[in-house]
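Engineer: Which chain is which? The protein sequence lines are P and U, in order. For what it's worth, this note's numbering labels the leading residue of the first sequence as 1, then goes sequentially. For what it's worth, this note's numbering labels the leading residue of the second sequence as 1, then goes sequentially. Questions regarding the structure given below will be posed in turn.
There are 2 protein chains.
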Amino acid sequence: MKPATIRDVAKQAGVGLGTVSRVINNSPQVSDVTRKRVQEAIEALNYVPNPTARRLSLGKTLTIAAIVPFFTRPSFIERLRGVELTLAESAYALNIYNVETIQRRDQCMREVPRKEIADGVLIFSLSPRDADIPYLLGADVPIVLVDANHPSLASLSRVVVDDVEGGRIATQHLIDLGHRRIGYVSDKLDNPFNFQSSGNRYQGYRMALDSAGIPFRPEYHGQGEHERYKACQLTARMLNIPDRPTGIFASSDTQAMGVLEAARNFGLTVPDELSVIGFDDIEVAEYFGLTTVRQLLFESGQHGVELLLKSLEGKIDHPLCDTLPLELVVRKTTAAWTG
Amino acid sequence: MKPATIRDVAKQAGVGLGTVSRVINNSPQVSDVTRKRVQEAIEALNYVPNPTARRLSLGKTLTIAAIVPFFTRPSFIERLRGVELTLAESAYALNIYNVETIQRRDQCMREVPRKEIADGVLIFSLSPRDADIPYLLGADVPIVLVDANHPSLASLSRVVVDDVEGGRIATQHLIDLGHRRIGYVSDKLDNPFNFQSSGNRYQGYRMALDSAGIPFRPEYHGQGEHERYKACQLTARMLNIPDRPTGIFASSDTQAMGVLEAARNFGLTVPDELSVIGFDDIEVAEYFGLTTVRQLLFESGQHGVELLLKSLEGKIDHPLCDTLPLELVVRKTTAAWTG
DNA sequence: CTGTTAGCGCCTTCAT
DNA sequence: ATGAAGGCGCTAACAG
Chain P
1 MKPATIRDVA
11 KQAGVGLGTV
21 SRVINNSPQV
31 SDVTRKRVQE
41 AIEALNYVPN
51 PTARRLSLGK
61 TLTIAAIVPF
71 FTRPSFIERL
81 RGVELTLAES
91 AYALNIYNVE
101 TIQRRDQCMR
111 EVPRKEIADG
121 VLIFSLSPRD
131 ADIPYLLGAD
141 VPIVLVDANH
151 PSLASLSRVV
161 VDDVEGGRIA
171 TQHLIDLGHR
181 RIGYVSDKLD
191 NPFNFQSSGN
201 RYQGYRMALD
211 SAGIPFRPEY
221 HGQGEHERYK
231 ACQLTARMLN
241 IPDRPTGIFA
251 SSDTQAMGVL
261 EAARNFGLTV
271 PDELSVIGFD
281 DIEVAEYFGL
291 TTVRQLLFES
301 GQHGVELLLK
311 SLEGKIDHPL
321 CDTLPLELVV
331 RKTTAAWTG
Chain U
1 MKPATIRDVA
11 KQAGVGLGTV
21 SRVINNSPQV
31 SDVTRKRVQE
41 AIEALNYVPN
51 PTARRLSLGK
61 TLTIAAIVPF
71 FTRPSFIERL
81 RGVELTLAES
91 AYALNIYNVE
101 TIQRRDQCMR
111 EVPRKEIADG
121 VLIFSLSPRD
131 ADIPYLLGAD
141 VPIVLVDANH
151 PSLASLSRVV
161 VDDVEGGRIA
171 TQHLIDLGHR
181 RIGYVSDKLD
191 NPFNFQSSGN
201 RYQGYRMALD
211 SAGIPFRPEY
221 HGQGEHERYK
231 ACQLTARMLN
241 IPDRPTGIFA
251 SSDTQAMGVL
261 EAARNFGLTV
271 PDELSVIGFD
281 DIEVAEYFGL
291 TTVRQLLFES
301 GQHGVELLLK
311 SLEGKIDHPL
321 CDTLPLELVV
331 RKTTAAWTG
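Laid out in structure tokens, this is it:
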């Protein structure tokens, strides 16, 4: 049994199908009597407009695409939650493009930003490479970058945080507590996905050390995949150094958990024998009493969508850059070093 | 500049548009020369078939809908990851309907299982209520239930686990370790979303107690929202009882974390002074060394999609029930009680 | 205010 | 093997 169409409704109500369409779309130019008659017919037939036909006719997909790497990581989930909740009130559907390989990443950058695929695109944390630029600039749909950037993309709206400053804040917090041997556990600075936050935070880390007159020691910097166990390994290596770090800055809370695990394995008390500070302030951070640099993940998704919706409505002519604040959240994994 | 259409390609290649369509769809009945000519035209024009038009013409949405409550909870994320990865290899897109309110839940049950919306529907953990039955049975699209059930829905395929048995396994594990005062921290057994796993595990909990000759004590059962902090509160209340439980079974790993938190607050050593066992085996469980009952979350999503795809291909005539195994994973939060 | 008509881009017969 | 034509369900422009 096929679903009722607009034609069935028109026949049932004894009106033309144009009128039914107007009722569906809340056009004001329909008399109350006919509107009521049409609505009754709709009820009677259990009619629901076919979204596909609607899209084709409108020449819009009524869909927002979100390109997200590793969407199962807590921080991305939180960003997506912001997207989802904001979009739920709109007429747009959400399509998530989960990127877990380079191939998929390149494919998405090229194929998703197209009129036929989505009316607007959100790109999370994947900073485009030079080869992607022409595709993104040539795209006929608005694109908003969240937690991503590229010098040639000044024409795109963005939602960002100052990761350099974030790295500085975290490091400075340890310095202020009296630490002089400060480690940094991060993603690979040069990684195929072109994630840049670890690199930017590294700059902040170096800056803070410099301005405190603390020489940088390469063996205090561990780089590896963004996994808890990897962070644990890197930390273990660092803790084996004779004059090991007394404080460690991890470039995410997930990695900070790996640092804590390593400390546990070494029988080191946190924060007395080792201070640990993370980044993000995901939910578990509170549970662990983890000191961290909070960024507003949920809001980043929310603001990203809002920017996108505004440019879809033509309310934005020139690109905006929305910089979200960072905040040091001091809990129980950092303490003064009096060694 | 509008995207190229099938007509442009036809003109460019000097063929009819039917031929172009055949090339796109890999129809064997096209000569190699014309096929090549068409493909060159496609390249030249940077043509991509319009999915919306395709859907309308085919009368299919090429979309799978997943109705999932609180999709940000780790266990649901893991299920969705199974869905996503399996679907990525197929021609289907995935639409996630995140349910966080009763209204939204009812709306989804009624509006999503429709030909115009999706070709197939996955429903996670939301066991339909009687009022939903006619909508689901009357739906013109295949539906697969994952972690959900209803006596009147024997006609739908399902992926489930034996939660009663799971509850029994967890409780029996504590009994085997010598515990006699065993608490259970769970969701509200009677909850508006009609989640049933906590209730089923409760039955297993009672069964295990019974067969060990241990009387059930209501004050050892705490019910509340599925939140860490709530589980923590419930546990605190339990630990204040003069002869408090020596072992606690939490109906999820998330809630088990709340139990651990409460134990910490009370200065109780786990597992020496309090044994804790969870359910699910989400990623953090390993980190905590949490003893738990593992269920295959990723696979549940995977199998759900596979069942759905098979019935879309007409390979399934009668409904299947796929029961996934449960496994006790003993780690470090449970120990023998010799009190 | 309302009915009619012409597409939206593609797929699928039906002839050729 | 290929071209032409009809239709998927809806919207929007036009005429009344």
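Cβ atoms here follow ideal geometry from the backbone N, Cα and C, with glycine treated the same way. This one's a predicted model, so the numbers in the text were calculated from it and none came from an experiment.
1) Taking 9 Å as the CB-CB cut-off, is Ala93(U) touching chain P?
2) Roughly how far, in whole angstroms, is the beta-carbon of Ile277(U) from the beta-carbon of Leu189(U), given that I think they are within contact range, below 8 Å?
3) If distances are taken between C-alpha atoms only, which option among Pro325(U), Val305(U), Leu307(U) and Gly247(U) comes closest to Thr291(U)?
4) From the DSSP output, in three-state form, read off Arg99(P) for me.
5) With three or more beta-carbon pairs closer than 8 Å as the criterion, would you say the stretch 92-103 of chain U touches the stretch 63-70 of chain U?
6) Would you please verify whether the beta carbon of Ala53(U) is less than 9 Å from any beta carbon of chain P?
7) When the Cα atoms are used, what is the spatial distance from Arg110(P) to Glu227(U)?
8) Only counting the same chain, and skipping five residues up and downstream in sequence, which positions put a Cβ closer than 6 Å to that of Asn149(P)?
9) If we ignore side chains and look at the alpha-carbon of each, how far apart do Ser27(U) and Gly18(U) end up?
10) Terminal residues of the continuous alpha helix (DSSP H) containing Ile42(U)?
11) Are at least three pairs of beta-carbons, each pair with one atom in the stretch 325-334 of chain U and one in the stretch 271-290 of chain U, less than 8 Å apart?
12) Pick out whichever of Glu40(U), Leu136(U), Ile42(U) and Glu89(U) has its Cα sitting closest to the Cα of Gln107(U).
13) Is it true that the stretch 312-323 of chain P meets the stretch 27-38 of chain U, where meeting means three or more beta-carbon pairs spaced less than 8 Å apart?
14) Report the three-state DSSP secondary structure of Ser157(U) (helix, strand or coil).
15) Name the residues in the stretch 128-159 of chain P whose C-beta lies less than 8 Å from a C-beta of chain U; which are they?
16) Determine, using beta carbons only, whether Tyr184(U) and Arg201(U) come nearer to each other than 9 Å.
17) By how many angstroms is the C-alpha of Asp140(U) removed from the C-alpha of Ser21(P)?
18) Expressed to the nearest angstrom, what Euclidean distance is found between the alpha-carbon atoms of Tyr287(U) and Leu308(U)?
19) Is DSSP giving His221(U) helix, strand or coil here?
20) If Lys268(U) and Ser75(U) are in contact, beta carbons under 8 Å, what's the gap, nearest whole angstrom?
21) Hey, how far is the Cα of Val160(U) from the Cα of Thr254(U)?
22) Considering only their Cβ atoms, is the gap separating Glu78(P) from Glu283(P) smaller than 9 Å?
23) Please list, in chain order, the chain U residues whose beta carbon lies closer than 9 Å to that of Leu268(P).
24) Confirm, please, whether the CB-CB distance from Ala118(U) to Leu328(U) is below 9 Å.
25) Where do the N-terminal and C-terminal ends of the alpha helix (DSSP H) with Gln203(P) fall, by residue?
26) Note down, in chain order, every chain P residue with its Cβ under 7 Å from the Cβ of Arg81(U).
27) Would you list the one or two residues that DSSP bridges to Ser186(U)?
28) Within 10 angstroms of its Cβ, does Pro242(U) collect 16 or more other Cβ (buried), or is it exposed?
29) Using only CA atoms, which one of Ser300(P), Gly120(P) and His179(P) lies nearest to Glu313(P)?
30) Compare the C-beta of Leu56(U) with all C-beta atoms of chain P and state if any pair is closer than 9 Å.
31) List the residues of chain U that Tyr287(P) touches, going by C-beta distances under 8 Å, in chain order.
32) Quick check on Arg105(U) - is its C-beta less than 9 Å from some C-beta in chain P?
33) Check each candidate in Arg217(U), Arg181(U) and Val83(U) and name the one with the smallest Cα separation from Leu122(U).
34) Among Ala263(P), Gly138(P), Val146(P) and Ser198(P), which residue has its Cα nearest to the Cα of Gly366(P)?
35) Let me know the alpha helix (DSSP H) ranges lying completely inside the stretch 51-125 of chain U, each 4 residues or longer, listed in chain order.
36) Enumerated in chain order, which unbroken segments of the beta strand (DSSP E) with a length of 3 residues or greater are wholly contained in the stretch 241-298 of chain P?
Structural biologist: In terms of the structure at hand:
1) Working through the second sequence from its first residue, we reach residue 93(U) at position 93. At least one beta carbon of chain P lies nearer than 9 Å to the beta carbon of Ala93(U).
2) Residue 277(U) sits at position 277 when you count from the first residue of the second sequence. Residue 189(U) sits at position 189 when you count from the first residue of the second sequence. With a beta-carbon spacing of about 19 Å, Ile277(U) and Leu189(U) fall beyond the 8 Å limit used to define contacts.
3) Here the question's residue 291(U) lines up with position 291 in the second sequence. Relative to the Cα of Thr291(U), the nearest Cα in the group Pro325(U), Val305(U), Leu307(U) and Gly247(U) belongs to Gly247(U).
4) For this step, residue 99(P) is matched to residue 99 along the first sequence. Here the sequence assigns Val to residue 99(P), which means Arg is not the residue at that position. Note: Val99(P) maps to strand in three-state DSSP.
5) Per the Cβ contact rule, the stretch 92-103 of chain U is in contact with the stretch 63-70 of chain U (3 or more Cβ pairs under 8 Å).
6) For the purposes of this step, residue 53(U) is identified with residue 53 of the second sequence, where counting begins at 1. For Ala53(U), the answer is yes, since a Cβ of chain P falls inside 9 Å of its Cβ.
7) The sequence position of residue 110(P) within the first sequence is 110, counting from 1. The sequence position of residue 227(U) within the second sequence is 227, counting from 1. Rounded to the nearest angstrom, the two C-alpha atoms are 41 Å apart.
8) Numbered from 1 along the first sequence, position 149 holds the residue referred to as residue 149(P). Here the set comprises Ser127.
9) To locate residue 27(U), count along the second sequence from 1; it is residue 27. To locate residue 18(U), count along the second sequence from 1; it is residue 18. Per the coordinates, the alpha-carbon of Ser27(U) lies some 11 Å from the alpha-carbon of Gly18(U).
10) Translated into the one-based positions of the second sequence, residue 42(U) becomes position 42. Under the DSSP assignment, Ile42(U) falls in the alpha helix (DSSP H) whose first and last residues are Asp32 to Leu45.
11) They touch, by the three-pair rule.
12) The residue you call residue 107(U) lines up with position 107 of the second sequence. Looking at the Cα atoms, Leu136(U) is the closest of the given residues.
13) Fewer than three Cβ pairs drawn from the stretch 312-323 of chain P and the stretch 27-38 of chain U lie within less than 8 Å of each other, which leaves the two stretches out of contact.
14) On the second sequence, position 157 is the one that residue 157(U) refers to. In the displayed model, Ser157(U) falls within a strand according to three-state DSSP.
15) So the list reads Asp140, given in the order they occur along the chain.
16) Working through the second sequence from its first residue, we reach residue 184(U) at position 184. Working through the second sequence from its first residue, we reach residue 201(U) at position 201. Taking the C-beta atoms as reference points, Arg201(U) is found nearer than 9 Å to Tyr184(U).
17) Along the first sequence, read from residue 1 onward, the residue named residue 21(P) stands at position 21. Along the second sequence, read from residue 1 onward, the residue named residue 140(U) stands at position 140. If I take the Cα positions, the gap works out to 24 Å.
18) Taking the second sequence and counting its residues from 1, the one referred to as residue 287(U) is at position 287. Taking the second sequence and counting its residues from 1, the one referred to as residue 308(U) is at position 308. Rounded to whole angstroms, the separation of the alpha carbons of Leu308(U) and Tyr287(U) is 34 Å.
19) Against the second sequence, residue 221(U) aligns to sequence position 221. His221(U): strand per DSSP, three-state reduction.
20) Along the second sequence, one-based indexing puts residue 268(U) at 268. Along the second sequence, one-based indexing puts residue 75(U) at 75. It should be pointed out that residue 268(U) corresponds to Leu in this sequence rather than to Lys. For Leu268(U) against Ser75(U), the beta-carbon gap comes to about 26 Å, at or over 8 Å, which does not count as contact.
21) As a first step, residue 160(U) is located in the second sequence; it is residue number 160 there, counting from the start. As a first step, residue 254(U) is located in the second sequence; it is residue number 254 there, counting from the start. In this structure, the straight-line span from the alpha carbon of Val160(U) to that of Thr254(U) is close to 20 Å.
22) Here residue 283(P) refers to the residue found at position 283 when the first sequence is read from its first residue. Here residue 78(P) refers to the residue found at position 78 when the first sequence is read from its first residue. Yes, these two residues count as a Cβ contact at 9 Å.
23) Within the first sequence, numbered from 1, the residue matching residue 268(P) stands at position 268. Listed along chain U, no residue sits closer than 9 Å to Leu268(P) by beta-carbon distance, the nearest being about 17 Å off.
24) Working through the second sequence from its first residue, we reach residue 328(U) at position 328. Working through the second sequence from its first residue, we reach residue 118(U) at position 118. Contact: no.
25) Residue numbering aside, residue 203(P) sits at position 203 when the first sequence is read from its first letter. Start and end: Ser197 to Ser211.
26) In the second sequence, residue 81(U) corresponds to position 81, counting from 1. Simply Thr72.
27) As a first step, residue 186(U) is located in the second sequence; it is residue number 186 there, counting from the start. Gln223(U).
28) For this step, residue 242(U) is matched to residue 242 along the second sequence. Within a 10 Å sphere around the beta-carbon of Pro242(U) sit fewer than 16 other beta-carbons, which makes this residue exposed.
29) What you label residue 313(P) is simply residue 313 of the first sequence in a count that begins at 1. For the residues Ser300(P), Gly120(P) and His179(P), the minimum Cα distance to Glu313(P) belongs to Gly120(P).
30) Indexing the second sequence from 1 puts residue 56(U) at position 56. Closer than 9 Å to the CB of Leu56(U) there is at least one CB belonging to chain P.
31) The count along the first sequence starts at 1 and reaches residue 287(P) at position 287. In chain order: Arg228, Met257 and Glu261.
32) Locating residue 105(U) in the second sequence gives position 105, counting from the first residue. Chain P, which has no Cβ nearer than 9 Å to the Cβ of Arg105(U), makes this no.
33) To locate residue 122(U), count along the second sequence from 1; it is residue 122. Selected option, being the one with the closest Cα: Val83(U).
34) With chain P represented from 1 up to 339, any question about residue 366(P) goes unanswered, as that position is not in the structure.
35) The stretch 51-125 of chain U contains these whole alpha helix (DSSP H) runs: 51-58, 74-88 and 102-111.
36) Listed in chain order, the beta strand (DSSP E) runs fully inside the stretch 241-298 of chain P are 247-250, 275-280 and 291-295, counting runs of at least 3 residues.
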